[in-house]
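Shown next, in structure tokens, is the structure this report addresses.
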Amino acid sequence: MDASTLLLPCSDGAVAGAVDFRGRPASRSGTGRWSAAMFVLGVEIAERFAYHGVSANLISYLTGQLGESTAGAAAVINAWSGVATMLPLLMACVADAWLGRYRTIVLASLLFVVSMGMLTVSALPVFNHDGCSYQSKSLACSPSPVQVAVFYVSLYLVALAEAGHKPCAQAFGADQFDRHDPKESVSRSSFFNWWYFGMCSGTAVTTMVSSYIQDNVGWGLGFGIPCLVMVFALLAFLLGTRSYRYYTSTESSPFARLARAFVALIRGTKSSQCDSLATDDDAHREEVKGVLRLFPIWATCIIYAVIFSQSSTFFTKQAATLDRRIGSTLRVPPAALQTFISLTIMAFIPIYDRAFVPAARRFTRLSSGITMLQRIGTGLVLAMVAMVVAALVEMRRLGVARDAGLVDQPKAALPMTLWWMLPQYVLFGLSDVFAMIGLQEFFYDQVPDALRSLGLAFFLSIFGVGHFLSSFLISAIDGATKQSGASWFSNNLNRAHLDYFYWLLAGLCAVELAAFVVVSRVYVYKKRASHDNGDVM
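Start counting the sequence shown at 293; every next residue gets the next number (our numbering).
Structural data, given as structure tokens:
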């Protein structure tokens with residue numbers, strides 16, 4: 293493709309810098325916008341369905357079928373989640389420099405299908421020891437070495453597929469809207485809200501359906517259904533190929549660009565270099581400065597990511613100890629409570645987009661209602677409140693266990709309804725509407741234009757570091773508290789002290805919030821096109 297194609301002026305008929313699937317200038321009326329973005333949104337919903345079909349109930353599989361301890365399983369999940377959210381840094385560079393976002397999405401989706409298929413096979417009865425079925429609760433039914441090996445290989449292939457899919461799908465979806473066009477720019481801002489709405493719809497469905505099947509029918513079918521969903525979603529995504537806008541970069545790898553930028557920054561002065569090299573150095577220095585100035589915001593959101601990781605680990609184990617009956621026959625799977633996070637997000641995003649933003653716009657005169665950093669800060673406050681509520685609920689749960697004389701009966705359902713845990717899940721959902729979506733938009737919007745996939749990978753790396761830090765905290769606290777008595781994360785949760793852990797996270801979040809306020813007050817937003825200047829403050 294001729295590089296001059298990418299430099300066409302913006303006009304009514306063509307989108308500047310974009311081409312269609314044949315490499316011709318992209319027609320404004322025939323490509324992109326919501327009609328194309330919906331195909332990308334569809335494959336993202338399926339990806340969420342597949343990924344959360346594994347992650348949402350993973351702690352139950354590890355502590356049940358694979359016989360891990362509660363603390364060990366939580367540490368394994370956090371380490372795996374950390375890998376899945378750190379690898380996008382590498383995969384985003386591969387996409388931006390070589391494969392392109394479209395091809396990376398296709399390859400990542402294929403890898404999802406393969407890895408989910410392997411997980412399905414690993415959960416089949418053929419891998420269990422003689423005399424055991426995959427539904428057996430017998431202690432004699434320990435997993436075979438082959439089953440464990442296939443499971444962990446499959447699990448980390450899922451992480452690799454997630455790493456390829458995550459930064460590219462959202463950036464590719466946002467690429468379908470021209471940020472230099474006033475109307476499409478407004479649609480792009482709404483796109484981030486509706487993108488997260490779609491993600492959460494996929495998460496909600498798989499959390500309800502897959503966790504119920506895994507707990508009551510079998511893990512093989514529970515892993516197999518998300519695999520099939522991913523197959524159909526990939527086919528649908530390929531059907532949209534003709535309608536997409538593609539942005540082909542002639543630049544080198546983002547990591548190579550950043551490396552040259554650091555060299556230029558260290559070199560500092562242009563000295564006796566020729567004018568063209570000096571100009572390149574100036575551009576590289578601006579790019580690295582554009583990345584480095586995001587670091588304070590990145591660093592002051594790490595504890596939020598640590599808090600985020602608790603909903604799929606300890607919250608699920610707590611729910612398993614409660615009275616989960618609805619009526620006389622239905623028992624809610626513990627992992628299904630995570631659905632309320634997604635349902636809260638799905639309910640509140642339309643309110644945020646259609647009511648809160650227009651109301652705030654009257655006071656702030658910003659097209660987005662509030663700034664991206666104000667949105668993120670609000671989410672941090674809600675996350676801190678969620679951990680305070682979780683600590684109070686856990687204190688009550690431990691009190692109920694003592695009063696009922698069930699402290700040493702960890703498998704007995706406590707006389708405490710599962711609805712006591714509902715407020716903390718709802719607060720998690722509200723926090724995500726503000727912080728999660730705000731962070732996605734911030735890191736997409738504020739990085740240098742050539743590094744957008746890398747920008748979303750920086751956003752994901754917050755959660756990668758957060759998961760690793762959570763794993764470290766759990767392992768360190770577990771080791772320390774075992775020496776002084778009962779572990780905070782005892783396998784018998786009635787003798788554990790998750791409430792202490794939640795209070796610790798709430799305190800750390802308060803410190804983080806104070807630091808975030810300081811750095812956000814001095815942050816200067818990247819300049820935008822003149823039509824959108826009102827958004828920058």
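Glycine included, C-beta positions come from ideal geometry on N, C-alpha and C.
Remember, it's a predicted structure, so these values are computed and weren't measured experimentally.
#1: Can you tell which of Val497, Val681, Ala675, Gln732 has its C-alpha closest to the C-alpha of Pro483?
#2: Does the structure place the segment 526-542 close enough to the segment 314-324 that three or more beta carbon pairs sit under 8 Å?
#3: Please work out which residues of its chain come closer than 6 Å, Cβ to Cβ, to Phe331, disregarding the five sequence neighbours upstream and downstream, and give them in chain order.
#4: Find out if the Cβ-Cβ distance for the pair Asn370, Ser763 is shorter than 8 Å.
#5: For Val680, collect the residues of the same chain with a Cβ closer than 7 Å to its Cβ; drop the 5 residues on either side in sequence, then sort them by chain order.
#6: On the three-state DSSP scale, how would you describe Tyr596?
#7: Quick one, which of Ala788, Ser603, Arg654, Ser779 has its alpha-carbon nearest Asp724's?
#8: Can you check the segment 630-705 for any alpha helix (DSSP H) of at least 4 residues that lies completely inside it and give the ranges in chain order?
#9: In angstroms, rounded to a whole number, what distance separates the CA positions of Arg813 and Pro650?
#10: Please list the terminal residues of the continuous beta strand (DSSP E) segment that includes Pro317.
#11: Express the C-alpha separation of Leu614 and Gly697 in angstroms, rounding to a whole number.
#12: Indicate the three-state DSSP secondary structure (helix, strand or coil) for Asp507 in the structure shown.
#13: Hey, could you find the ends of the alpha helix (DSSP H) Val442 is sitting in?
#14: Just list the residues that DSSP pairs Val311 with in beta bridges.
#15: Kindly indicate the opening and closing residues of the alpha helix (DSSP H) around Asn370.
#16: Hey, out of Pro625, Leu672, Val810, Gly758, whose CA is closest to Ala705's CA?
#17: For Thr709, write down the residues that DSSP places opposite it in a beta bridge.
#18: By DSSP, does Arg813 sit in helix, in strand, or in coil?
#19: Nearest-angstrom Cα distance between Trp372 and Tyr448?
#20: For Arg623, does the three-state DSSP call read helix, strand or coil?
#21: Give the single residue among Ala525, Thr377, Leu411 whose Cα lies nearest to the Cα of Tyr353.
#22: Ordered along the chain, which non-local residues of its own chain (more than five positions away) have a Cβ less than 7 Å from that of Phe606?
#23: By how many angstroms is the C-alpha of Arg787 removed from the C-alpha of Val699?
#24: With 16 as the cutoff for other CB atoms within 10 Å, does Gln775 come out buried or exposed?
#25: Could you compute how far the alpha carbon of Val386 sits from the alpha carbon of Met522?
#26: Taking DSSP as the reference, what is the three-state secondary structure of Ala496?
#27: Determine the direct distance from the alpha carbon of Pro474 to that of Pro317, and round the result to whole angstroms.
#28: In three-state terms, what does DSSP make of Ala415?
#29: Taking the DSSP output, what are the residues bridged to Ala270?
#30: Would you mind working out which of Val685, Asp388, Arg480, Leu629 sits nearest Ile618, comparing C-alpha positions?
#31: Give the single residue among Gly671, Gln506, Ala678, Arg653 whose Cα lies nearest to the Cα of Thr592.
#32: Can you find a heavy atom of the ligand ATP that lies under 7 Å from the Cβ of Phe781?
#33: Tell whether a beta-carbon distance below 8 Å holds between Ile351 and Thr608.
#34: Does DSSP put Val739 in a helix, in a strand, or in coil?
#35: So, using beta-carbon positions, are Gly756 and Ile668 closer together than 8 Å?
#36: Does the distance from the C-beta atom of Leu520 to that of Gln738 stay below 8 Å?
According to the structure data:
#1: Note on identity: in this sequence residue 483 is Phe, with Pro being the wrong assignment. Of Val497, Val681, Ala675, Gln732, the residue nearest in Cα terms is Gln732.
#2: Look at the beta carbons and you see the segment 314-324 touching the segment 526-542: at least three pairs across the two are nearer than 8 Å.
#3: A distance below 6 Å between beta-carbons, with the five flanking residues on each side excluded, links Phe331 to the following residues of its chain, in chain order: Phe529, Gly532.
#4: Yes, Cβ-Cβ distance for Asn370 and Ser763 is below 8 Å.
#5: These residues qualify, in order along the chain: Ala798.
#6: Secondary structure at Tyr596: helix, using DSSP grouped into helix, strand and coil.
#7: Of the listed residues, the one whose Cα sits closest to Asp724 is Ser603.
#8: DSSP runs (the alpha helix (DSSP H)) wholly in the segment 630-705: 631-643, 649-656, 664-695.
#9: When rounded, the distance between both Cα atoms is 24 Å.
#10: Here the beta strand (DSSP E) through Pro317 covers 317-319.
#11: One C-alpha to the other measures close to 14 Å.
#12: In the structure shown, Asp507 sits in a helix (DSSP, three-state: H, G or I).
#13: Where Val442 is concerned, the enclosing alpha helix (DSSP H) stretches over 437-466.
#14: Answer by DSSP bridge pairing, in chain order: Pro317, Tyr538.
#15: DSSP places Asn370 inside the alpha helix (DSSP H), whose first and last residues are 362-378.
#16: Comparing Cα positions, the closest option is Pro625.
#17: Paired residue(s): Asp615.
#18: Secondary structure at Arg813: helix, using DSSP grouped into helix, strand and coil.
#19: The alpha-carbon atoms of Trp372 and Tyr448 are separated by roughly 7 Å.
#20: Correct three-state label for Arg623: strand.
#21: Comparing Cα positions, the closest option is Leu411.
#22: Hits under 7 Å: Ala366, Leu790.
#23: Per the coordinates, the alpha-carbon of Val699 lies some 7 Å from the alpha-carbon of Arg787.
#24: Residue burial annotation: Gln775 is exposed, with fewer than 16 other C-beta atoms found within 10 angstroms of its C-beta.
#25: The alpha-carbon atoms of Val386 and Met522 are separated by roughly 23 Å.
#26: Three-state DSSP puts Ala496 in a helix.
#27: When only Cα atoms are considered, Pro317 and Pro474 end up about 20 Å apart.
#28: If DSSP states are grouped into helix, strand and coil, Ala415 belongs with coil.
#29: Only positions 293 to 829 of the chain appear in this structure, which leaves residue 270 out of reach.
#30: For Ile618, the nearest C-alpha among the options comes from Leu629.
#31: Taking only the C-alpha atoms, the option nearest Thr592 is Gly671.
#32: As far as ligands go, the structure on display features none, and thus does not contain the ligand ATP.
#33: Yes; because the gap between Cβ atoms is below 8 Å, this pair is in contact.
#34: Three-state result, Val739: coil.
#35: The criterion of a C-beta distance shorter than 8 Å is not satisfied by Gly756 and Ile668.
#36: The Cβ atoms of Leu520 and Gln738 lie no closer than 8 Å to each other.
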